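Undergrad:
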Amino acid sequence: MLYNKQAYEKCFQNLHYVERYEEHTIAHAVQTTYKKTKVYLWPAQTTTGMKAGRTVQTILNLAGFKNVKSKVIGSRNPHNTVKALFKALNAIETPKDVQEKFGRTVVEKYLL
């Protein structure tokens, strides 16, 4: 019982905030590597659903994503896949971040 309490308290130290674009997908495509594992993430339309392997799909579902496509290339070791996925999720920039970075406004593709 003591170990459960310690694990519960420790889990709050490892939380990561991930911004969702339009509450269901990511803002842009991302590619990251961790050791020999490459993870590609692409935004998907509302009707597409989740297209991912078991490990990636589980984590993205728990993070609240509904429409993301992904591909894992290279080593499919679950530990390396999770590390590469979290690296990819941390690399996502929201349109607001891009505006602040370049000092220009971001216009949606479909508004042009």
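Be aware that the sequence shown starts at 16, since it is given in my numbering, and climbs by one per residue. Ideal placement from N, C-alpha and C gives every residue a C-beta, glycine not left out. If you're wondering where the values come from, they're calculated on a predicted model, not measured in any experiment.
1. Taking leucine 30 as part of the alpha helix (DSSP H), name the residues at either end of that continuous run.
2. Hey, would you say tyrosine 49 sits closer than 8 Å to lysine 84, going by beta carbons?
3. Beta carbon of alanine 106, beta carbon of valine 33: below 8 Å?
4. Would you check if the distance between the CB atom of threonine 120 and the CB atom of threonine 96 is smaller than 8 Å?
5. Can you find the residues in the same chain that come closer than 7 Å, C-beta to C-beta, to aspartate 112, ignoring five residues on each side of it along the sequence?
6. Between Val87, Val122, Asn82, Thr73, which has its C-alpha nearest isoleucine 41's C-alpha?
TA: According to the structure shown:
1. Taken as a continuous stretch (DSSP letters only), leucine 30 belongs to no alpha helix (DSSP H), as it is neither H nor E.
2. no
3. no
4. no
5. none
6. Asn82
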